[in-house]
Structure formats: C-alpha cells, structure tokens
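Okay, structure first, notes after.
Number of protein chains: 2
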Amino acid sequence: MSKSRISIGMLGMGTVGRGVYRILNENRDGIEQKVGASIEIKKILVRDITKDRGLDLEQGLLTTDAGDVIDNPAIDIVVEVLGGIKPALDYSLKALKHGKSLITANKDMVAAHGKELFEAAEDNGCDVFFEASVAGGIPIIRPLKECLAANRISQVIGIINGTTNYMLTRMSEEGLNFGEALAQAQSLGYAEADPTADVEGYDAARKLAILASIAFNTRVPLDQVYLEGITRITAEDIKYAAELNYVVKLLGIAKESEEGVEVRVHPALLSKNHPLATVNDVYNAIYVCGDAVGDVMFFGRGAGELPTASAVVADVMSAARYQLRNVPGIVSCTCFAEKPIKPMGLTSTKYYIRLNVADKPGVLASIAFVFGSNEVSLASVIQKQITGHAAEIVLVTHRVLEKNLQDALKIIKDLSTVDEVSNVIRVEE
Amino acid sequence: MSKSRISIGMLGMGTVGRGVYRILNENRDGIEQKVGASIEIKKILVRDITKDRGLDLEQGLLTTDAGDVIDNPAIDIVVEVLGGIKPALDYSLKALKHGKSLITANKDMVAAHGKELFEAAEDNGCDVFFEASVAGGIPIIRPLKECLAANRISQVIGIINGTTNYMLTRMSEEGLNFGEALAQAQSLGYAEADPTADVEGYDAARKLAILASIAFNTRVPLDQVYLEGITRITAEDIKYAAELNYVVKLLGIAKESEEGVEVRVHPALLSKNHPLATVNDVYNAIYVCGDAVGDVMFFGRGAGELPTASAVVADVMSAARYQLRNVPGIVSCTCFAEKPIKPMGLTSTKYYIRLNVADKPGVLASIAFVFGSNEVSLASVIQKQITGHAAEIVLVTHRVLEKNLQDALKIIKDLSTVDEVSNVIRVEE
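Protein chains in written order, with our numbering: chain H, 53 to 481; chain D, 53 to 481.
This is the structure:
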C-alpha cells in the first residue's frame, strides 16, 4: 500500500449527500482505522454555493463546476448522489473513464444503465458500487453478490418502497382509504407532492430490476418489469384480506424457473405467517430463497438521510480498500448469463377477486362456470349482501395461469348479473 | 491473475462438510464463473475412510492424515469443519502458517482463539473467514464488517440458538413445559442427547462473543459473557408474558455505553412489536442498531447442512478472489480498540418477577416496600389466587440497576409471607 489517503469528490449535496458528509466526519476515526487510510472529501458539486446547508463546510469545498470533481486528478472516488439520469450518467461515465471508482445511490441510473457503468469501470480499472440504490441502509447488494454467492437463487421478494408500505400499513391499521393514507404520508414527508413514482410502483420496479439482475446473474431490463401500483387498493380489500388471513403489501417479486425470469411489481395478498407480513410502516425488507441457504430476510430502513448514507459510506470504504491495493473488479458485474424474461401471461399465482353482483339465484353458479371453463379453480368464496338487491362476492382462486384468469375475467365482466369487477389482486404464498 | 485454479483441503466431513462438498459440486458453474477460477476439493481429512457418506467420492480424496491437508503445498484454502478446539485449532494454525487461507464454521474456536488465528493469518499473508460460525447461512459477519462499517454500532440483539428458539416456540404455541419441548426438539434432531450447550446458553454465548467483538471492534472474552439458560422458564411464565404483551426468547444481547461493553445471554421478555418477536421455530435473527443505519435485522436458518455450508462456500469464494489477486487482509481483524466489559451489576433492564406468596392483607405492600427502598420501582402487577391461602404475584419493574434488583430479591426471599421467588426474567424493550 503506497497510498495512505483517499480523496472523495461528491456529485450533489441533497439529503443523502449531506448524510454522507456527516457520517464521514462524525465517524471518521473508526472509518479510517477500518480502511487503513485517511479519507477526505475534496470537492462537492452543488447548484448553489451560497445556500445554507446547516453544516460547517470548509472554504472552497463546494463547486458549481462538475469538472472540479470528475476531471480532478486529485480525486480517487466519486460519490454520485444527484439522482436521475441527466446529468448523473454523463458525469458518472466520465469519472469512471478517468479511473475513479464510482459510488452511487441512483436506482434510476443503475437500473437503466448498469451495463454501461460496469463496462466503463472494467475498461478503466475501477469499481462501481451501488448498495444504496436499493433499500437504503439495508445490506442487500453485497450480501447477494458475496454472502449468498454459493446459492442458486430461486426467488427474491421485497417490500422495497417505504412510502407505499407506510400507506398500506395505515389503511390496514386505521381503515383509512387510499387518499387519506396518501395525505398522511405527504404530510409526514414520506410521499412527494407528485406521488406517482411511489404509488404507481416505478420506484419499486427500478429496485427490483437491480435485485433480479444480481440474483439471477442476467440483466433484467427495466421495461420488462410488470408493473401495477396501489392506487386501486381500497380499505375494503384490506379488510377482506384480513378475514382471509392475509395482509396487503406492494411487493417486488422476482423468480426464476425453466421458462425464464419472472419480474413483477404489484400489490399482493400475503399470508400473515410470511416473514414479510410483519414489515410495516416505512420499513423495507427483502426475502431471498436460495437452494443452499433456504430462506433469509434482510430488514431495515429503506430510505432517509443517514440510512442511505450508511450504505454509500460502506461502499466508499470498500472502494478505498480495493484502490489502496490496486485490485479493482474483485466484485464486479455478475450478469454473466442471458436469461429470457417470462411473459406475464405464463406466470401463475392465486388471485383474490372482488365482484359486485346482482343478489339473485344462479349468479355464483354462472361466475363459477366461467372460471371453471377457463381452468380457473376456486379455493374460497365469501359473499356479503351490500344493499337490497346487490351482493359483494370475494373469491380466492387456486394457483392459475395469469392468461387463463384474464380470459375468464373478460367474460365475467360482460355477464349481465355482474355489475363490476371491483378488484383483482394476486395472492403470494 | 496468474492462477486459474484454487485447491481446497477440508478438515472434517460431518454434516457441514458434506454440505460444502455438495454445494461446490452442484453449483460449480456459477461459483467458478463468479470467482473467475476453477475450484477443486483436493483432500478431505476424515476419521474413517470406509464409512458410507452417501456421496460418490473420487478415489484418493479422503485421508486420515491431517498433513495431507495442512502441509500439502498443492492446497490453497483449508476449510475447517471439525468443530471443537482440539485438534481443530492446531490444524488451523498450522494451515495458516503454511500461508493457506482458513475458512471455519467453528464458533468454539473463533470465540476462544480468534486473536491467535488472526495474528497467524496476518503474519503469513492469508485470510481467516468465519461467517458460518454465527447463525448458519445468515449473512451477518461480513455485513457487520463491511456493509455497516460506517456506523457506530450501539447494540446487537440476536436469537442465535435455533434449538432453544424451537423449544420456546412450542412452549408458547402449545403450552408445553420445558421437558416436553426438549423431548420434541430431541426427537426432531434439533437438540442433542446432552442438550447442555444449547439450553444453558453456551452455544449462544460463543456466537455473541464473536458478534460483539466485531460490532464494537474490541475482543470480547468468552468468559466475560454473562450467561443464563432457559431451563427455569415455565409454560406459566410464557403465559403471563403473553398477557403482558410479551414473548419469551433466549437472547444474546450486546450493547455499548460509556461504561463499556455489555454482553449477556439470557431468556428475556420481548415486546410483541419487536422485529425479533415473530422469529419462531428454528429460525435465527440478528437485530443491529447503528448510528447511521438505524435498526436492521438479518433473518434465516441458523443451522443445518446446506445453510451453514452456504456461508462456508461464500467464504471460500472470497478467500479465492483475494488469493488470486494476492491481496490477503483486505477484510481482516477489526478488533483495534480495547474496551472494558461492563460489570453485570451495573447493567439495567426491566424485570419480570413471579412470586408465590401468602394470600393475606399487606403482603404486596411489604414486597413493594422492599423494592422501593432498593430503588426498584414497579410498572405493573398481576395477582392471581392459586389455592385457598396462596397467591401468585407477577411484577414488572421499570428499568432498574441489576445490583439494586438483586439486593431487593435477597430480602424478599426471606420475607415470611413469600413462599418462593419462582422466576426472575429480564425484559428487553
């Protein structure tokens, strides 16, 4: 080890950047002792140097010129916490081309451009680490890549969006409807003014694409992740689910079978006995099944200034260790296989179906007949009268092909006795 | 990278050894692709070569001569799965002296002789990894050493003995008493014929000493871990605990405060809302609090052939990666601090106390008076009549100093109105 100092350049000084700065300063002694070198933040790219950040920053630390970070020969490791694709990707690729290792918390960029980043790192003898891009401070990327590396992973199921988990928890515990839960999440700062990325599942899809790529050693394109948000979940669905011994969660599910890799983000009924079922509020958790390890779960805070920065700084420490010994690429891209994505129609799960129907003889029989003739068999039925002549039916199917279920639903929607297919939610065992 | 083949020697071919052999063979493709080299088991030390192991083993693979493994210049990495101190420690030290990296699943050896092993590794340019020594397949050692390395850890609380967790789960769910639960655990192969190491907490203490040493960067001697087993826990205690909204778990608890490091293994009442409370049956889990990450938990199977071997093989893969690049010691011993162990008398928790008393006026007052004059304040009291003239009182204290509680109990035991102090169990928040 010739070098005893590692210099960091940061791109961005928002919530996570601030956390990185704080941890590197407040826990400096332990961090430097573990790495075996001093670690110094040399330059931080910001938009506005004069803004009060509540930190006592050294003169000259902030810059508005990205070149001071990415082209600066004195900087060894670049921490990208800008978020988004532009200009984060350009900056990141330039930093890598200059041989600087890259630590990023940017799920959008890693999910969409992981390949370019890894190739640039490999070509230029440096590393890309992105633990913070999935599930904040929870160790999951490195455990998957290293600790569980001896396994064939068969499935990864995650609660990987804290905002929606908070909302579903409130809907479940207090009977709030979607709008009320969203307003509460917004007032607490858990949800953005425009909550689309969270409630429509885009955020979870990016994280799932990253997790699935690592778990199955194949690049999973973001646009191949099946996506359904939680906007159609009602307090009634959650109440019926509870009667059936399920909770409702927004899950990111990735499974491998002979037909390919299945990747889907959608709300699901989950058995109350599943280890993920008790993961509430803003907590995240990722459940992994491997052929050797069996089932393991990683639980913690999936977002926030310090939790996310905890993962970033750990990655900085790893990158520093490898750089000090000049051994980049020890843990590099593991997408060495090319596996097909399984078409959604070929996936199979159980389904929860809530219907509004006319309350007269023969209705259930006609519905059951349509399901039966599409190879959809029913596991349980709850029927409740809602007004004088209307009834609500809640069905749970056995495990069926998605395609068969959708075929059956098309016919059922048009039955004269069916007023509305109120909701269809997958059931995960 | 000059080398493209890594040769393994194994010490022992019991349950875990068999698992290592199976995983290395069954998942060979993925493992070798990730490591970037072929991995071959060259020699396995066994006691009896002729024993049928249910595996199709190559001629000449087994040996009864330890030298064929530890002195063999063709072997790069030694996997020690003998268990116990003798002869595992001698063999391990010799292997390290010959520059072979050591992978061990041996909690006894690591807890008692970690320092010697690490020093031998450092002196001879090789590595010691021991992920499998704590909590089987659950990634915890590497996550603590690397993924959470930016944190100051304030506490580690673990359910790290599957046998006792299984027994306590049965006692809780089926109302079994200790003996019945033990018999059931034995009949399922979860408990040994002599269950002492599990039920008296020795097994958990070894794992806790290892975890605490890593979490707090100071060597925690095994003999300084406070120890209480579960033999005195009754179905009644579990029932009362449930009434008070607690579950009973055997916990390994390590905390750091200004007075030093606190390390204790004992049964405890744990709030039903704690993430560890739903960890049942033979599952293990480790809950960690860090100043940056907040609380995280790692959950999974803490024992068994393949789960434990999953951790061993992952360590083999890491050791191979480092050996191929000739960079030992990247993640070495992190016990760089020397912190005192906090005397048990200075620890403070809440307590659950169950007493048999005479059912007459003034009894509770006299007990409460003794507690009060020893600065033990009470949070709740349940009193139940058991026979005509005897009553059972269950008290829960506020957080008090262990020393004060023990002083009070000495006096209470001798009160004429107190027949018996039936049980005293700490309450963990």
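Positions of the beta carbon are idealized from the N, C-alpha and C atoms, including for glycine. Since the model is a prediction, treat every value here as computed from it, not as a measurement.
So isoleucine 211 of chain D contacts chain H; which residues on that side make the cut at Cβ distance below 8 Å?
The premise fails here: isoleucine 211 of chain D is roughly 13 Å from chain H at the closest Cβ pair, so nothing lies under 8 Å.
Which residues in the same chain have their Cβ closer than 6 Å to the Cβ of glycine 342 of chain D, if we skip the five residues on either side of it in sequence?
Here glycine 342 of chain D has Leu200, Asn203, Ile205 as same chain residues with Cβ atoms under 6 Å from its own Cβ, once five neighbours each way along the sequence are excluded.
Leaving out the 5 sequence neighbours to the left and right, which residues in its chain are closer than 6 Å to leucine 134 of chain H when beta-carbon positions are compared?
Cβ within range, chain order: Leu63, Gly64, Ala140.
Coarse secondary structure for arginine 271 of chain D, derived from DSSP in three states:
Three-state result, arginine 271 of chain D: coil.
Mind pulling the alpha helix (DSSP H) runs of 4 or more residues that sit fully within the stretch 97-177 of chain D?
Taking only runs of at least 4 residues, the alpha helix (DSSP H) segments lying wholly in the stretch 97-177 of chain D are 119-122, 140-149, 159-175.
Close beta carbons around asparagine 426 of chain H, own chain, < 8 Å, minus the five adjacent residues each side:
Asn456, Leu457, Asp459, Ala460, Ile463.
Threonine 449 of chain D bridges to which residues according to DSSP?
The partner list for threonine 449 of chain D (beta bridge, DSSP) reads D/Leu430.
Rounded to whole angstroms, what is the Cα-Cα separation between cysteine 387 of chain H and threonine 270 of chain H?
Near 4 Å, if we compare the C-alpha coordinates of threonine 270 of chain H and cysteine 387 of chain H.
Please classify asparagine 521 of chain D as buried or exposed, where buried requires at least 16 other C-beta atoms within 10 Å of its C-beta.
Nothing can be reported for residue 521 of chain D, as the shown portion of chain D is limited to 53 through 481.
Could one say the Cβ of threonine 216 of chain D lies closer than 8 Å to chain C's Cβ atoms, at least one of them?
The displayed structure is made up of protein chains H and D, and chain C is not among them.
Determine whether the beta carbon atoms of isoleucine 212 of chain D and leucine 260 of chain D lie at a separation below 8 Å.
The answer is yes: Cβ separation under 8 Å.
Residue interval of the alpha helix (DSSP H) (run including lysine 291 of chain D):
Residue range 287-295 is occupied by the alpha helix (DSSP H) that includes lysine 291 of chain D.
Check the C-beta distance from threonine 216 of chain H over to valine 251 of chain H and give it rounded, since I have them as a contact under 8 Å.
At roughly 6 Å, the Cβ-Cβ gap stays under 8 Å, so threonine 216 of chain H and valine 251 of chain H are in contact.
Measuring alpha carbon to alpha carbon, tell me which residue in H/Leu358, H/Ala257, H/Val364, H/Val340 is nearest arginine 353 of chain D.
Of the listed residues, the one whose Cα sits closest to arginine 353 of chain D is H/Val340.
Find the residues of chain H that neighbour alanine 366 of chain D, judging by a C-beta separation of less than 8 Å, and give them in chain order.
Against alanine 366 of chain D, the close residues of chain H are Glu198, Cys199, Leu200, Ala201, Ala202, in the order they occur along the chain (beta-carbon pairs closer than 8 Å).
Go through the stretch 307-369 of chain H residue by residue and report every complete run of the beta strand (DSSP E) that reaches 3 residues or more, in order.
As far as the stretch 307-369 of chain H is concerned, its whole beta strand (DSSP E) runs of at least 3 residues are 312-323, 335-342, 346-353.
Look at the alpha carbon of tyrosine 374 of chain D and the alpha carbon of glutamate 226 of chain H, and state the distance between them as a whole number of angstroms.
If I take the Cα positions, the gap works out to 52 Å.
Output the boundary residues of the alpha helix (DSSP H) element that contains aspartate 246 of chain D.
For aspartate 246 of chain D, no alpha helix (DSSP H) segment is defined, and its DSSP state is neither H nor E.
For the stretch 143-154 of chain H and the stretch 167-181 of chain H, state whether three or more C-beta atom pairs, one from each stretch, are separated by less than 8 Å.
The stretch 167-181 of chain H and the stretch 143-154 of chain H touch, with three or more beta-carbon pairs separated by less than 8 Å.
Below 7 Å CB to CB, which residues in the same chain sit around glycine 312 of chain H once its five sequence neighbours on both sides are set aside?
Within its own chain, the residues whose Cβ lies closer than 7 Å to the Cβ of glycine 312 of chain H, once the five positions on either side in sequence are excluded, are Lys391, Pro392, Ile393, Lys394, listed in chain order.
Which bits of chain D does alanine 344 of chain H rub up against, with CB to CB less than 8 Å?
Under a criterion of Cβ atoms nearer than 8 Å, the residues of chain D adjacent to alanine 344 of chain H are, in order, Gly71, Ile75, Asn79, Gly189, Leu358, Pro359, Ala361, Ser362, Val365.
Would tyrosine 254 of chain D and valine 334 of chain D qualify as a contact pair, given that the criterion is a beta-carbon distance under 8 Å?
No. Outside cutoff.
By DSSP, does lysine 301 of chain H sit in helix, in strand, or in coil?
Strand, per DSSP.
Please list, in chain order, all residues of the same chain as cysteine 385 of chain D whose beta carbon is under 7 Å from its beta carbon, the five residues on each side excluded.
Excluding positions up to five away in sequence, the list reads Phe170.
Buried or exposed: which applies to arginine 482 of chain H, given that a residue is buried once 16 or more other Cβ atoms fall within 10 Å of its Cβ?
Here chain H has residues from 53 to 481 only, and residue 482 of chain H is not among them.
Buried or exposed: which applies to glycine 304 of chain H, given that a residue is buried once 16 or more other Cβ atoms fall within 10 Å of its Cβ?
That one is buried.
Helix, strand or coil, according to DSSP, for threonine 401 of chain H in the structure here?
The answer is strand: DSSP assigns threonine 401 of chain H an E or B state.
The stretch 153-168 of chain D: positions lying closer than 9 Å to chain H by Cβ:
For the stretch 153-168 of chain D, no residue has a beta-carbon sitting nearer than 9 Å to a beta-carbon of chain H.
Where arginine 478 of chain H and glutamate 183 of chain H are concerned, what is the direct C-alpha to C-alpha distance, given to the nearest angstrom?
Across the structure, arginine 478 of chain H and glutamate 183 of chain H are spaced so that their CA atoms are roughly 29 Å apart.
Quick test of your reading: valine 446 of chain H and alanine 306 of chain H, contact by CB under 8 Å. State the CB separation rounded to the nearest angstrom.
28 Å between Cβ atoms; not a contact.
Can you check whether the C-beta of arginine 353 of chain H is within less than 8 Å of a C-beta belonging to chain D?
Judged by the 8 Å Cβ criterion, arginine 353 of chain H is in contact with chain D.
Test item: CB-CB of alanine 157 of chain D and valine 68 of chain D under 8 Å:
The beta carbons of alanine 157 of chain D and valine 68 of chain D sit closer together than 8 Å.
Report yes if the CB atom of leucine 76 of chain H is closer than 8 Å to the CB atom of isoleucine 93 of chain H, and no otherwise.
Their beta carbons are under 8 Å apart, which means leucine 76 of chain H touches isoleucine 93 of chain H by this criterion.
Do you know how far the Cα of isoleucine 96 of chain H is from the Cα of methionine 53 of chain H?
Note that methionine 53 of chain H scores a pLDDT of 45, beneath 50, so its modelled location is shaky and nothing firm can be said.
Examine chain D for any beta-carbon lying closer than 8 Å to the beta-carbon of isoleucine 127 of chain H, and answer yes or no.
Not an interface residue.
For serine 425 of chain H, report the span of its alpha helix (DSSP H) as first-last.
Following the DSSP letters along the chain, one finds serine 425 of chain H inside the alpha helix (DSSP H) bounded by residues 415-425.
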